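Visitor:
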Amino acid sequence: MASAEPQTDSMISRNGDGQAVLLGGFSEQSQHSHFPRALVCPYTGANDVVDHELPSTGVLWACTVVNSAPPGYFGKVPFGFGVVQLDDGLRIVTRIAADDPASLQIGQPMGLIIEDLPAGADQDAGTMQIWAFAPASDDTASDDTASDDTASGAR
203 MASAEPQTDS MISRNGDGQA VLLGGFSEQS QHSHFPRALV CPYTGANDVV DHELPSTGVL
263 WACTVVNSAP PGYFGKVPFG FGVVQLDDGL RIVTRIAADD PASLQIGQPM GLIIEDLPAG
323 ADQDAGTMQI WAFAPASDDT ASDDTASDDT ASGAR
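Residue numbers for the sequence shown follow the numbering used here, beginning at 203 and rising by one.
1) Would residue 252 and residue 241 be called neighbours here (beta carbons separated by less than 8 Å)?
2) Would you please state the rounded distance, in angstroms, between the beta carbons of residue 235 and residue 292? I believe it to be under 8 Å.
3) Quick one: residues in its chain with C-beta nearer than 7 Å to the C-beta of residue 310, no 5 flanking neighbours on either side, listed in chain order?
4) In this structure, does DSSP put residue 299 in helix, strand or coil?
5) By Cβ distance, which residues of its chain are closer than 7 Å to residue 277, with the 5 residues on each side in sequence left out?
6) Please return the same chain residues whose Cβ sits closer than 7 Å to the Cβ of residue 280, not counting the five positions on each side in sequence.
7) Is residue 243 closer than 8 Å to residue 306 when the C-beta atoms are compared?
8) Would you kindly work out how many angstroms separate the C-alpha atoms of residue 339 and residue 212, rounded to a whole number?
9) Tell me, which residues are paired with residue 253 by DSSP?
10) Looking only at its chain, what residues have a beta carbon closer than 6 Å to the beta carbon of residue 249, apart from the 5 residues adjacent to it on each side?
11) Assign residue 258 to buried or exposed, taking buried as 16 or more other Cβ atoms, counted over all protein chains shown, within 10 Å of its Cβ.
12) Three-state secondary structure (DSSP) at residue 334?
13) For residue 258, which three-state DSSP category applies?
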């Protein structure tokens, strides 16, 4: 049976400045990046994929508000869910962390964050860290707290 453990270790790293970055793949043959990283290029099938740090900023390309918690999710509801187009053009599906997800706007600048979510229904379950994107702003651009670590500045 497959493990239910999140596989974020291979998706997140720290850059030279200590900021969180998503790790994708890049193929020399196709000149395309992708996320999550695959063993072969999803565009050409070439086996020349190397680790590639993705931009930590982008814009909200599409979004919706999730009003019911899916099975196994113990975080705050409602929450945003959508597509962020990174500064290099790659679009990724992601949780959107926003105090008021109904106020999210297409084209809004976004930044990568690492946040703590409840790992279970009771307090004894602890927390788990996940990556998400949040509206970028000057005051969160360099925030380096334990529960909300924005990876780069606002655009």
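Ideal Cβ positions, reconstructed from N, Cα and C, are used throughout, including at glycine. Just so it is clear, the structure is predicted and the values come from calculations on it, not from any experiment.
Guide: According to the data block:
1) no
2) 5 Å
3) 261, 262 and 337
4) coil
5) 319 and 320
6) 267, 268, 269 and 303
7) no
8) 27 Å
9) 227
10) 242
11) buried
12) strand
13) coil
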